[in-house]
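Written below as structure tokens is the structure these notes are about.
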Amino acid sequence: MKKTFLFVALAIFSLVGKVHADEGMWLPMFVERLNYVDMEKMGLQLTPEELYSINNSSLKDAIVGLSEGATPRGFFCTGEIVSQNSLMFTNHHCGYGSIQKLSTVEHDYLTDGFWARSFEEELPAEGISASFLVRMEDVTEQIFSVLNDTMSWAERNQAIAAKAAELEAAASEDGKYNPIIKGFFEGNEYYMFVYQVYTDVRLVGTPPSSIGKFGGDTDNWMWPRHTGDFSIFRVYADAEGNPAPYSPENKPLTPKHHLPISLDGVQQDDFTMIWGFPGTTERYLTSYGIDYNVETFYPIIHDIFKLQTDIMDEFMQKDASVNIMYADDKAGLANTWKNFEGQMLMLRKNKVAETKLELENKFSEWVNADPARVEEYGNVLNTLAETYALLSEVSASVYFPNYVAQTGAIAISAEFAQYVAAAQSKDKEAIAAAEEALKAIDVDAYFAETYKPLEDKMLVEMLKLYYNTFNAEVNPNFYNLVEKKYKGDVVALANAILEKSNFATPESIKAFIEKPNAKKVEKDPAYVVFNTMMTHLVSAIAPYRAAMQTVSENSHLFVKGLREFYAETQPEKSLYPDANSSLRMTYGSVQDYQPADAVSYDYICTANGILEKYVPGDYEFDVPQRLLDLIEAKDFGQYADENGELIVCFLSTNDITGGNSGSPIMNSRGELIGLAFDGNWEAMSGDINFEPRLQRTINVDARYVLFVIDKFAGATNLIEELTIVKSEPQVEETAEVVEEVVAE
62 MKKTFLFVAL
72 AIFSLVGKVH
82 ADEGMWLPMF
92 VERLNYVDME
102 KMGLQLTPEE
112 LYSINNSSLK
122 DAIVGLSEGA
132 TPRGFFCTGE
142 IVSQNSLMFT
152 NHHCGYGSIQ
162 KLSTVEHDYL
172 TDGFWARSFE
182 EELPAEGISA
192 SFLVRMEDVT
202 EQIFSVLNDT
212 MSWAERNQAI
222 AAKAAELEAA
232 ASEDGKYNPI
242 IKGFFEGNEY
252 YMFVYQVYTD
262 VRLVGTPPSS
272 IGKFGGDTDN
282 WMWPRHTGDF
292 SIFRVYADAE
302 GNPAPYSPEN
312 KPLTPKHHLP
322 ISLDGVQQDD
332 FTMIWGFPGT
342 TERYLTSYGI
352 DYNVETFYPI
362 IHDIFKLQTD
372 IMDEFMQKDA
382 SVNIMYADDK
392 AGLANTWKNF
402 EGQMLMLRKN
412 KVAETKLELE
422 NKFSEWVNAD
432 PARVEEYGNV
442 LNTLAETYAL
452 LSEVSASVYF
462 PNYVAQTGAI
472 AISAEFAQYV
482 AAAQSKDKEA
492 IAAAEEALKA
502 IDVDAYFAET
512 YKPLEDKMLV
522 EMLKLYYNTF
532 NAEVNPNFYN
542 LVEKKYKGDV
552 VALANAILEK
562 SNFATPESIK
572 AFIEKPNAKK
582 VEKDPAYVVF
592 NTMMTHLVSA
602 IAPYRAAMQT
612 VSENSHLFVK
622 GLREFYAETQ
632 PEKSLYPDAN
642 SSLRMTYGSV
652 QDYQPADAVS
662 YDYICTANGI
672 LEKYVPGDYE
682 FDVPQRLLDL
692 IEAKDFGQYA
702 DENGELIVCF
712 LSTNDITGGN
722 SGSPIMNSRG
732 ELIGLAFDGN
742 WEAMSGDINF
752 EPRLQRTINV
762 DARYVLFVID
772 KFAGATNLIE
782 ELTIVKSEPQ
792 VEETAEVVEE
802 VVAE
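Residues 62 to 805 in the working numbering are what the sequence shown lists, from first letter to last.
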């Protein structure tokens, strides 16, 4: 009878375990009130107190925000603590910048990987910090206490900033904590997050980029994916466990909680949850905002960043030192342009603007049904439509000159503008002070980590892009400069800067500083170009800023009204705020998907796909021979699945975005089953509208991570440090149960 009961229990669990994509990035402090019942029905086996507690150890204490400096305001990635000595997993692309800074041609950790065999071999990852959330609290009432209806939008924001600074200072306890107050629902609510920030973070291990970045930009956001996207760090503290600057005397932090790692793997419909620090979503963006992004903003940034990465690629593939030098910059730019390319395509393909317009029409009907609502919200959508139209007219004249002016000698020449202004004033004291300031310029810093042939081509191509984007009517100063002085040849202008500018080389800059001459600066081709670009930018910046403020003010009003609309028309609907680099929880399940007619994707991919994609010598699809040998021999050890295969990545329905990179994906018991690292191409519109049929999170399987550490790298010291768990197999027992039930 006992075995029969077990069988029935398993059958019931299998029914409630079938879950769907669950939209929302939820604040952990509300988990018990808003999410817990649903999560429990879906299979969660932890209590609310085990998930989030400010008094006792809880899952939140293993989640780490990764940023730079001791007082970060946001986080570029997420990490998770996986040992009692604060070993921390995150994505390879999250640790990429630190790995790049530690790499040299002699010790190229990007290419070769790195594995510390002891604490003493771990490398200080300068600049990276690890933030642990101590608590969060609702401060909306305190913030709103300083506001009144007579304030302008600018005055309102100033009052909010002042009150937030006051509350943050009080909560910091004289610098012990780093409190951050953020607005939610477009400034309709405010919450404070209190962090303890550790700045002594050290690199412990990383696979070579041929594993950690396998597939490169080609596979980015694509499924199936075979990227071992992980790196390993450790958080250090002083003898009392407090944050401290790097010191050989520091010890590994003893964490409040660390995540066990499961070898059970995943099955279709398994419950999953992800905790992390998603950066930015725009789920309440209007159809007008979508049109602006797709038709104006995204194309501008895409074209500039794509051009820059193509130039970097050209030189990086030829020289190992150049590859190390530009690796992090190129990765960030490439990630952005491909993201925007995907959004431009999928926002249209998935008809997101049309979906938003349907909501806006319903909202307008609700507004128009009540004179009081008409008075408050009646103009908000029209105002947003008009303002985005204005932004579409002026944005190119803001972004293009801004980015091009940051290039090479043009950017350096800008540092001498203050000296020129002082000289033009003819104030001797001001001139003397400005000349003294020039001597403090660290000229060599301008050229550190740069490669002249690459930078020279970047200048030429950026000026060509700028010149070809605007006609004489929109950008008369620059256009006339090229037409009159250089006979319409913008390349000739670029060459003049490279060959004649005082700001083109370290030697020429240092010589100029020794004998400064304002007239020379004013006639310098780089400075002349800088001035024309600033004139162009200034012509658009005032209307641009005014429009952005109007968008902000009316988005606040629209979301305020939208929340009232939902409260009245769909009171059962719980709304979640947009991501803003604060700790969030999302839950869903392991699922496959069907992206197009006659196309079906499995929810897992195996190491066999690495062999299929492998291209010897290719900078995106080459892999180490040792990995090939292990895969071909199927030498996977305890990390193989029940079929003897090695699962590399898997899909889940969790709702994530940038900043969630490196976030732990956990099973119903809070055990690590993988690391989230990407979304999928077909749902690139997901930051603006969640697509339950299509939207998937791509996760590197924890078993592949452990396989690389153990079988590939032989870093058994790290394996021994982890808490690795595996459930007892129940296959035979279940078979016996079936026989008994049939017999009865």
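Backbone N, C-alpha and C define an ideal beta-carbon position, used for all residues, glycine too.
Query	Result
Residue nearest to A776 in terms of C-alpha spacing, selected from A131, S233, E101, T267	T267
Close-in-space but distant-in-sequence residues of the same chain around S788 (CB under 7 Å, 5 per side omitted)	D325
R94, buried or exposed, once every other Cβ within 10 Å from all chains shown has been counted against 16	exposed
Stretch pair the segment 347-358 + the segment 115-125: three plus CB contacts closer than 8 Å	no
Simplified DSSP state of N239, which is helix, strand or coil	strand
Contact the segment 285-302 vs the segment 326-333: 3+ CB pairs below 8 Å	no
Pick from N556, I502, P632 that is closest to K571, judged by C-alpha positions	I502
Reduced DSSP category for M100 - H, G, I as helix; E, B as strand; rest coil	helix
Assigned secondary structure, S308 (DSSP; H/G/I helix, E/B strand, else coil)	coil
4 or more residues per run - each alpha helix (DSSP H) lying fully within the segment 318-361	348-353
Range covered by the beta strand (DSSP E) that runs through T667	665-667
Endpoints, beta strand (DSSP E) assigned at R645	645-650
Under 8 Å between C-beta atoms of T52 and H319	Absent from the model: residue 52. The displayed extent of the chain is 62 to 805, so no value can be given.
Start-to-end residues for the alpha helix (DSSP H) that takes in M523	513-530
Alpha carbon of L526 to alpha carbon of P462, nearest angstrom	11 Å
Member of T172, I365, A494 whose CA lies at the smallest distance from the CA of E522	I365
When I241, S486, L755, Y349 are compared against L420, the one with the closest alpha-carbon	Y349
Cα-Cα separation, F137 to C155	8 Å
Close beta carbons around V413, own chain, < 7 Å, minus the five adjacent residues each side	I351, S746, I749, N750
Alpha carbon of A82 to alpha carbon of D331, nearest angstrom	The predicted model places A82 with a pLDDT of 45, which falls under 50 and marks its position as unreliable; any figure quoted below should be read in that light. Answer to the nearest angstrom: the Cα atoms are 12 Å apart.
Cβ distance (whole Å) where G731 is taken to contact L107 below 8 Å	5 Å
Cβ-based neighbour list, Y664, same chain, cut-off 7 Å, excluding 5 preceding and 5 following	Q329, V651, Q652, D653, F711, L712
Contacts around E629, its chain only, beta-carbon distance under 8 Å, and the 5 residues preceding and following it disregarded	W427
DSSP three-state assignment for M149, whether helix, strand or coil	strand
Minimum length 3: unbroken beta strand (DSSP E) runs contained in the segment 581-639	none
For R645 and A223, the rounded distance between their alpha carbons	26 Å
DSSP state of E250 mapped onto helix, strand, coil	strand
At least 3 beta-carbon pairs within less than 8 Å: the segment 559-567 vs the segment 442-455	no
Spatial distance of G719 from S190 (CA atoms)	18 Å
Where D716 sits in the DSSP three-state scheme	coil
Local conformation of F245 per DSSP, three classes	strand
C-alpha distance - K576 paired with K489, whole-angstrom precision	16 Å
Reduced DSSP secondary structure (H/G/I, E/B, other) of V195	strand
DSSP-derived helix/strand/coil call for R217	helix
Three-state secondary structure (DSSP) of A82	Caution applies to A82, whose pLDDT of 45 falls short of 50 and renders its modelled position unreliable; the model cannot decide the point.
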